[in-house]
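One gets the numbering used here by counting positions in the sequence shown from 1 and adding 60 to each.
Here a beta-carbon is modelled for each residue, glycine too, at the ideal position from N, C-alpha and C.
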Amino acid sequence: MGSLDEILSSVDAASGKKILMSAEILRKHVLGDPQVLQDDQHGKNWFQQDFRFETQSTSEFRINTPQVYSSPRNAVLSQLYTMP
Numbered sequence: 061m062g063s064l065d066e067i068l069s070s071v072d073a074a075s076g077k078k079i080l081m082s083a084e085i086l087r088k089h090v091l092g093d094p095q096v097l098q099d100d101q102h103g104k105n106w107f108q109q110d111f112r113f114e115t116q117s118t119s120e121f122r123i124n125t126p127q128v129y130s131s132p133r134n135a136v137l138s139q140l141y142t143m144p
């Protein structure tokens, strides 16, 4: 299977609007919905394959712990480490 760009460039349509509609349909079909890899009391991990760049573009983690707010120092440090 080729990359998403190769698939989209092979779509032959009469007008630009049809090409955009076909591209959106192909994106939804090829990419699909993210898959849940793990869902438990410790957290939820998702995965979705990237066909355009073929590399991992981002990783997001949400870590819930009562120690974050156990002191003002910990609260400030947790915000510094989680800034976007």
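Close-in-space but distant-in-sequence residues of the same chain around residue i (CB under 7 Å, 5 per side omitted)
{"i": "Tyr129", "result": "Ala135"}
{"i": "Asn124", "result": "none"}
{"i": "Ser138", "result": "Val128"}
Chain-order list of residues whose beta-carbon lies under 6 Å from that of residue i (same chain, five-residue window excluded)
{"i": "Asn105", "result": "Leu97, Gln98"}
{"i": "Ile131", "result": "At residue 131 the sequence reads Ser, which differs from the Ile that was named. Contacts found: none."}
{"i": "Asp100", "result": "none"}
Integer Cβ distance of residue i from residue j, believed to fall under 8 Å
{"i": "Tyr107", "j": "Pro126", "result": "The sequence given here places Phe at residue 107; Tyr does not occur at that position. With a Cβ gap of about 29 Å, Phe107 and Pro126 do not count as contacting."}
Sequence-distant residues of the same chain with beta carbon closer than 8 Å to residue i, five excluded per side
{"i": "Phe121", "result": "Gly103"}
{"i": "Thr142", "result": "none"}
{"i": "Arg133", "result": "none"}
Proximity test, Cβ basis, 8 Å: residue i and chain C
{"i": "Gln109", "result": "No chain C appears in the structure shown, which is made up of a single protein chain."}
Per DSSP, cross-strand counterpart(s) of residue i
{"i": "Phe107", "result": "Gln95"}
Residue i beta carbon near the ligand FAD (any heavy atom closer than 7 Å)
{"i": "Trp106", "result": "With respect to small molecules bound, the structure shown includes none, and the ligand FAD cannot be examined in it."}
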